[in-house]
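Residue numbers (this note's numbering): 2 to 955.
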């Protein structure tokens, strides 16, 4: 180091000392500026500008062409940690390569999403890995390990986990509160984050938009009390886009933005993603909070330190030592091969009565019909890159079997739209039209991409244009011109055939046909994105707030008719159904039903009626409830990225035996689902862990073209762990993968425990007749649960069944081990009292914030739609009242009454709570209460009362 070289440039010094030096050189103004997502350069020190955030969920997103891998839920369906690690490595390698030629590409990647797939109607189901915390953390750890790289000091990219915490609803997502009881918090939601953070492969987390227990995630005490205790590494917490402003503007949790910003920073948010690239408002708010004494320079320094820690690990200040600085691998043959391999491994064979594989088709004259709305589609989602390569199911089947053996029918309804004047909507010819793919040039915020205005708008004439109409469910339609372009609305309001696919933050390619009472078959065509109706003007067809056109749809061809004709002439039929990831179930929009949309049900029924040798191929971001009884074969795959069609054809042909497994339960009907906003997986019996009904297809399910035999299960308990081994044998003539799954079940639990719980899994490839022995070392912590009576994790002593099989319901082997542990003891309520949220059971209650800083309270649930609850019941099991308890004290706010009873008996104490000044103004009330010995305590809440704590004395 020369005399002129500052210590922060000295690569021989530890990062911590270098960060100290750099911090000391930055002015307060410069440090404050770094708190925004787009931190400016500090030219006097030679410090470059830096931005947090580069989407990379299943490939580099938003920044133009890149390798596109299967959706995250598809990667979860592979159950293959090592494969997913390689995918993460490829994604981060392309991130580095893209940054070398485009400095808009960031190295702080916002991926993966580890929110658990608790509820299949969640609009962002495609972004998560599984409903199970163990599988989710295993896949997330693998992906982040690939993203991070394996150098001990420098990282290829710096992954941030999304979205902290308990975030599974798009409905009211910025204002809804997830009521998460302590057991669910510790046994379910936190687990998916914790194991990945503890693995040392994560640079930070992103808080979610929602509230948890009445408190916004961006001021969550769990960031400090949980997250930062799991590692000694400085973790970077990046806000979600616009969430800092939401604290005031939509959640009304704080009165001023200065208060909100200060509270976020003190809670642990280090980088504020707000107002796009304009940092001025965040800088102004931080400076205002400093001026008002809400923040100190030490608070600023703590956040900037954590940002700098990430930048040092990314090699920014050591370009000559950064092992990833010269990475150029992009769209390589290895990446293309990996995309195909991942797509193949994600395919799940749900049912097969011998129709598949298609290798047994007789003769070269055998005909395959591939039909359906997704048969010739390779769909992308909001977090995809732009396709360099593209393979649809139809293209894959052409390639594998030959185009002369494959017939195709999309199944769209073909319509002309007749105006009230007797003319028809017409798509004019576009001279010198250039093909444009949305987002191909890359964008820091693709939500700002505008529709095309260089093409002529629709007009009317005497013949019109025949449009392809697709009903995606719920009455949401797309209309496509004969040249493949979708009708879309640009900022000027005109309707054009201009979009290559539906897409965008606000989709401009969807419409609704609404019957109009003044005309027998008249309809108004409503544009969903603007909420306006299509009208015909002298300048062309546009959407407007007045003078809507009454249109009469004239169907020239029904999709089910073409599907039936094509199916009848084939030897085997493949119906490819599913969703468009931008429509009816996506970020900002939850689904309303598990049912396959009616249009696609019609196509399936037509194909099945015309040809019983019909297989259903579901390509979707989430589960559907569709009866497979009359179908000889059913497959599911998530949207599989650039190689989806090739991969599907290879599996259908038997070149690859399917071995994907469901990462979440497929329920039989909507009636099996709890309310979307019910986060109590224990109380409402959600996911395979607790669901007591019969699923359509269970968690972990997936069939193979091969058969496997399990045997020789041996388990014994060692010091701090359980050792389990068993063998798996391929008993068929087909080389194939098998996914062996190991579950546990507490045989005699003292509290409600999972029906079975995944402990470990392994995907193995076995040649015909070959056996392998699988060994698992299971830490005793895998058998713990959260003891709400004492506020600790513990292993309950007693028998535990180990279950080995091919799914959560296909159990092949069982054995029982006896574990030592900490016996249950009564609640020490005389010593500690009861925190209200530490109930064992509840009815009609929700957990809310005790104060804005920390703590929980309980109140009758009023939902998230303003219908205030009247009553709630809480049960606390095994409370030890000692030889004689004589008084009870409650800490409450609000207004209402409390009733206490023992063992479900009569009320023995009642509190009438007069209204307190505000929800956080607690009062303490004491009343006589006679009890002795151990009893279950029942507390009834009446009215909008908030119960924080109950104490007892004698």
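Backbone N, C-alpha and C fix where the C-beta goes; we use that ideal spot for every residue, glycine too. Quick caveat: nothing in here was measured; it's all calculated off a predicted structure.
*Would you tell me roughly how many angstroms separate the C-alpha atoms of residue 147 and residue 96, rounded to the nearest one?*
Counting from one through the chain shown, the residue named residue 147 turns up at place 146. Counting from one through the chain shown, the residue named residue 96 turns up at place 95. If I take the Cα positions, the gap works out to 12 angstroms.
_Inter-stretch contact at 8 angstroms, needing at least 3 Cβ pairs: the stretch 334-346 / the stretch 213-227_ = no
_Residue environment, residue 329, which counts as buried when at least 16 other CB atoms sit within 10 Å_ = On the chain shown, position 328 is the one that residue 329 refers to. So residue 329 counts as exposed.
*asked:* Tell me the DSSP secondary structure of residue 489 in three-state form.
replied: Here residue 489 refers to the residue found at position 488 of the chain shown. Strand at residue 489.
*When you compare only the Cα positions, how much space is there between residue 564 and residue 607?*
For the purposes of this step, residue 564 is taken as the residue at position 563 of the chain shown. For the purposes of this step, residue 607 is taken as the residue at position 606 of the chain shown. Approximately 7 angstroms, taken between the alpha carbons.
*Quick one: complete beta strand (DSSP E) runs, 3+ long, within the stretch 108-187?*
110-114 and 161-165
*Would you mind working out which of 122, 490 and 919 sits nearest residue 666, comparing C-alpha positions?*
Taking the first residue of the chain shown as position 1, residue 666 is located at position 665. Checked all of 122, 490 and 919; the closest Cα to residue 666 is 122.
*Does DSSP put residue 939 in a helix, a strand or coil?*
Here residue 939 refers to the residue found at position 938 when the chain shown is read from its first residue. DSSP places residue 939 in strand when its eight states are reduced to three.
*Assign residue 107 to one of two classes, buried (16 or more other C-beta atoms within 10 Å of its C-beta) or exposed (fewer than that).*
By one-based count along the chain shown, residue 107 stands at place 106. Counting Cβ neighbours within 10 Å, residue 107 comes out buried, since at least 16 surround it.
*Output the distance between the C-alpha atoms of residue 861 and residue 892, rounded to the nearest integer angstrom.*
Indexing the chain shown from 1 puts residue 861 at position 860. Indexing the chain shown from 1 puts residue 892 at position 891. Their Cα atoms are separated by approximately 16 angstroms.
_Do residue 237 and residue 205 have their beta-carbon atoms positioned less than 7 angstroms apart in this structure?_
Along the chain shown, read from residue 1 onward, the residue named residue 205 stands at position 204. Along the chain shown, read from residue 1 onward, the residue named residue 237 stands at position 236. Yes, the pair counts as a contact, with Cβ atoms nearer than the cut-off.
*Scan the stretch 526-612 and note each continuous alpha helix (DSSP H) run of 4 residues or more that stays entirely inside, going in chain order.*
560-569 and 599-611
*Identity of the residues DSSP links to residue 325 by a beta bridge*: Mapped onto the chain shown, residue 325 falls at position 324. BP columns for residue 325 are empty, so no partner.
*Reducing DSSP to helix, strand and coil, say where residue 12 ends up.*
Translated into positions along the chain shown, residue 12 becomes position 11. Of the three classes helix, strand and coil, the one that applies to residue 12 here is coil, per DSSP.
*Count the other CB atoms, across all protein chains shown, that sit within 10 Å of the CB of residue 715; report buried if there are 16 or more and exposed otherwise.*
Start at 1 with the first residue of the chain shown, and residue 715 comes out as number 714. Per the 10 Å Cβ criterion, exposed.
*Determine the extent of the beta strand (DSSP E) in which residue 402 is found, giving its start and end residues.*
Taking the chain shown and counting its residues from 1, one reaches residue 402 at position 401. From DSSP, residue 402 is part of no beta strand (DSSP E) but of the alpha helix (DSSP H) over 394-402.
*Looking at the unbroken alpha helix (DSSP H) that takes in residue 245, where does it start and where does it end?*
Here the question's residue 245 lines up with position 244 in the chain shown. 244-250 is the extent of the alpha helix (DSSP H) around residue 245.
*What residue range is occupied by the uninterrupted alpha helix (DSSP H) comprising residue 33?*
Here the question's residue 33 lines up with position 32 in the chain shown. Its alpha helix (DSSP H) spans residues 29-34.
*asked:* Going by C-alpha to C-alpha distance, which of 721, 120, 491 and 938 sits closest to residue 542?
replied: Stepping through the chain shown from its first residue, residue 542 is reached at position 541. Of the listed residues, the one whose Cα sits closest to residue 542 is 491.
*In its own chain, which residues sit with a C-beta less than 8 angstroms from the C-beta of residue 24, not counting the 5 before and 5 after it?*
In the chain shown, residue 24 corresponds to position 23, counting from 1. Within the same chain, residue 24 has close Cβ partners 32, 302, 305, 306 and 309.
*In whole angstroms, what separates the C-alpha of residue 62 from that of residue 897?*
Walking along the chain shown from the start, residue 62 turns up at place 61. Walking along the chain shown from the start, residue 897 turns up at place 896. Taking the straight line from one Cα to the other gives about 52 angstroms.
*Member of 530, 520 and 704 whose CA lies at the smallest distance from the CA of residue 495*: Stepping through the chain shown from its first residue, residue 495 is reached at position 494. Of 530, 520 and 704, the residue nearest in Cα terms is 530.
*Three-state secondary structure (DSSP) at residue 744?*
Along the chain shown, read from residue 1 onward, the residue named residue 744 stands at position 743. DSSP places residue 744 in strand when its eight states are reduced to three.
*Closest to residue 540 by CA distance: which of 556, 457 and 534 is it?*
Indexing the chain shown from 1 puts residue 540 at position 539. Residue 457 is the option with its Cα nearest to residue 540.
_Rounded straight-line distance, which links the Cα of residue 168 to that of residue 118_ = Residue 118 sits at position 117 when you count from the first residue of the chain shown. Residue 168 sits at position 167 when you count from the first residue of the chain shown. Going from the Cα of residue 118 to the Cα of residue 168 covers about 10 angstroms.
*Excluding five sequence neighbours on each side, which residues of the same chain lie with their C-beta closer than 7 angstroms to the C-beta of residue 81?*
Sequence index remark: in the chain shown, residue 81 carries index 80 (1-based). Correct list, in chain order: 346 and 764.
*Are the beta-carbon atoms belonging to residue 873 and residue 942 less than 7 angstroms from one another?*
Indexing the chain shown from 1 puts residue 873 at position 872. Indexing the chain shown from 1 puts residue 942 at position 941. The answer is yes: Cβ separation under 7 angstroms.
_Enclosing alpha helix (DSSP H) for residue 281 [first to last residue]_ = Numbered from 1 along the chain shown, position 280 holds the residue referred to as residue 281. It spans 281-292 - the alpha helix (DSSP H) in which residue 281 sits, taken as one unbroken run.
*Do the CB positions of residue 66 and residue 110 come within less than 7 angstroms of each other?*
As a working mapping, residue 66 is identified with position 65 in the chain shown. As a working mapping, residue 110 is identified with position 109 in the chain shown. Against a cut-off of 7 angstroms, the Cβ pair of residue 110 and residue 66 comes out as no contact.
*Please state if the CB of residue 595 and the CB of residue 576 are separated by a distance shorter than 7 angstroms.*
Position 575 of the chain shown, counted from the start, is the residue given in the question as residue 576. Position 594 of the chain shown, counted from the start, is the residue given in the question as residue 595. Contact: no.
*Where does residue 824 land, buried or exposed, given buried means 16+ other C-beta within 10 angstroms?*
Mapped onto the chain shown, residue 824 falls at position 823. With fewer than 16 other Cβ atoms within 10 Å, it is exposed.
_Rounded to the nearest angstrom, what separates residue 589 and residue 620 at their Cα positions?_
What you label residue 589 is simply residue 588 of the chain shown in a count that begins at 1. What you label residue 620 is simply residue 619 of the chain shown in a count that begins at 1. Roughly 21 angstroms between the two C-alpha positions.
*Same chain only: Cβ atoms within 8 angstroms of residue 522, ignoring 5 sequence neighbours per side*: Within the chain shown, residue 522 is the residue found at index 521, counting from 1. Hits under 8 angstroms: 553 and 554.
*Taking the DSSP output, what are the residues bridged to residue 880?*
In the chain shown, counting from the first residue as 1, residue 880 sits at position 879. For residue 880, which the question treats as bridged, DSSP gives the partners 828 and 936.
*asked:* Is the beta carbon of residue 842 closer than 7 angstroms to that of residue 876?
replied: For the purposes of this step, residue 876 is identified with residue 875 of the chain shown, where counting begins at 1. For the purposes of this step, residue 842 is identified with residue 841 of the chain shown, where counting begins at 1. Yes, the pair counts as a contact, with Cβ atoms nearer than the cut-off.
*Keeping to the same chain, check which residues put their C-beta closer than 7 angstroms to that of residue 21; ignore five residues upstream and five downstream.*
Against the chain shown, residue 21 aligns to sequence position 20. If we look at residue 21 and ignore the five residues flanking it on each side, it has no Cβ neighbours.
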